[in-house]
Each structure stands twice: as structure tokens, then as C-alpha cells.
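Below you'll find the structure, written out as C-alpha cells, and then a few comments.
Residue numbers (my numbering): 516 to 587.
Printed below as a string of C-alpha cells:
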């Protein structure tokens, strides 16, 4: 089954709290504004993965950690 996504879409994931085995609502929006909505099972297996997710991804997590260290 293919959703016809190209890989350059902006992805929005909603409906999760801790991410453990939850079904999320996903919207993939293309540059032209068209979008596809679907449901996906999300599995965050470790506490660290949950932490990354809560920060918006590993890059945001690392940047916040660096900013906290510089402020201290």
C-alpha cells in the first residue's frame, strides 16, 4: 500500500501523549499546499525516544541541552 508521498512533505503528527503504541493522526502537506491525512501506529520504545519526541526531535533536544549548559 502506497500513500504516494515523495519524501519532501511537511509532516504533522497529532493525538499522542507518550507515543507508546498509540494511533496518531498524520497529515503530510506538500509544497503546493495539497495534503494527505492518514492514521499511523507510533511506537517509541525507550524513555529517550519519548524525550526526543516531546522536544520535537533529536535536534531540538540537543540544542536545548546545549542552551541549558551555556546558561548554567
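Here a beta-carbon is modelled for each residue, glycine too, at the ideal position from N, C-alpha and C.
Keep in mind that this is a model prediction, so the values were computed, not measured.
Straight through space, the alpha carbons of residue 526 and residue 554 are spaced by roughly 12 angstroms. Look at the beta carbons and you see the segment 516 to 524 touching the segment 544 to 554: at least three pairs across the two are nearer than 8 angstroms. In the DSSP assignment, residue 554 falls within the unbroken beta strand (DSSP E) covering 550 to 558. Taking 8 angstroms as the upper bound for CB-CB distance, residue 531 and residue 557 are in contact here, some 6 angstroms apart. The beta-bridge partner set that DSSP reports for residue 537 consists of 557.
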